[in-house]
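Here is the structure we will look at, set down as structure tokens.
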Amino acid sequence: MDPRSIPRITSADLADIIKSDKKPWQDYLVVDVRDSDWKGGNIKGSYNLPSQKFQAGVDELISKTKDVPEVIFHCKFSQERGPNAALIYNGRRLLQEADEYKNQQVYVLQGGFNTFANRFKVIPSSNVTRNTVLMHV
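Going by the numbering used here, the first residue of the sequence shown is number 244, and it counts up by one from there.
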């Protein structure tokens with residue numbers, strides 16, 4: 244299977260989810276697979292499972308997210324690490340063939356953290372935010 248087969252979600256759509264009354268780990272989960280580049284900031288409520296440790300941690304992640312209807316993966320640009328992690332997660336999840344996994348939707352954040360951060364980051368020069376509630380810096 245090709246990582247490009249995983250559906251994409253836009254930064255704006257993810258922002259709408261975060262700003263809604265939906266709760267991370269209950270209604271959705273953002274999985275950030277960046278490695279050391281994670282320290283520069285992250286999406287509010289996201290879970291960091293570095294790509295270097297992803298294979299070892301994917302089964303535990305599947306178990307923890309079995310009741311979460313939307314799982315969204317990303318890396319810096321969502322060109323390799325994020326889509327590959329989503330593909331691995333989705334494949335392993337489907338192999339388990341449990342009923343609770345059938346209604347879960349797996350996405351890749353289009354443009355990755357870079358696009359999301361550029362749209363929703365703090366603007367330091369004016370102390371005005373585009374939406375600081377969406378990110379931790």
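C-beta: ideal position from N, C-alpha, C; glycine also. On a predicted model such as this, the values are computed, not experimentally measured, just so you know.
For residue i, does the count of other Cβ atoms within 10 angstroms reach 16, so buried, or fall short, so exposed?
| i | result |
| --- | --- |
| Asp310 | exposed |
| Ser321 | buried |
| Pro246 | buried |
Please name the residue or residues paired with residue i in a DSSP beta bridge.
| i | result |
| --- | --- |
| Asp259 | Answer is none; Asp259 lacks a bridge partner. |
| Ile252 | Leu352 |
| Tyr387 | The structure shown does not extend to residue 387, since the chain spans only 244 to 380, so no value can be given for it. |
| Tyr290 | Val274 |
Write down the C-beta distance between residue i and residue j rounded to the nearest angstrom, noting that I regard them as a contact closer than 8 Å.
| i | j | result |
| --- | --- | --- |
| Ser254 | Leu337 | Actually they do not touch by this definition, with Cβ atoms about 27 Å apart. |
| Val273 | Gly288 | 6 Å |
| Phe363 | Lys319 | Their Cβ separation, rounded to whole angstroms, is 15 Å, which puts Phe363 and Lys319 out of contact at 8 Å. |
| Val314 | Pro293 | The Cβ separation is near 17 Å, so there is no contact. |
Would you kindly work out how many angstroms separate the C-alpha atoms of residue i and residue j, rounded to a whole number?
| i | j | result |
| --- | --- | --- |
| Lys265 | Tyr271 | 7 Å |
| Ile261 | Pro267 | 8 Å |
| Asp256 | Gly334 | 24 Å |
| Gln347 | Ile331 | 15 Å |
| Met244 | Glu303 | 22 Å |
| Asp278 | Asn327 | 14 Å |
| Gln339 | Ser306 | 10 Å |
| Tyr290 | Gly354 | 18 Å |
| Gln295 | Val301 | 11 Å |
| Thr358 | Glu323 | 15 Å |
| Arg251 | Gly325 | 11 Å |
| Asp263 | Thr308 | Asp is not the amino acid found at residue 263; the sequence shown has Ser there. The alpha-carbon atoms of Ser263 and Thr308 are separated by roughly 20 Å. |
For residue i, which option in the options has the closest C-alpha, if you only look at C-alpha atoms?
| i | options | result |
| --- | --- | --- |
| Ser248 | Tyr350, Phe359, Glu303, Thr358 | Tyr350 |
| Asp280 | Asn333, Pro326, His317, Tyr332 | His317 |
| Asn361 | Ile286, Gly334, Gln348 | Ile286 |
| Gln298 | Pro246, Ala329, Lys282 | Ala329 |
| Pro312 | Gly354, Gln322, Val301, Gln269 | Gln269 |
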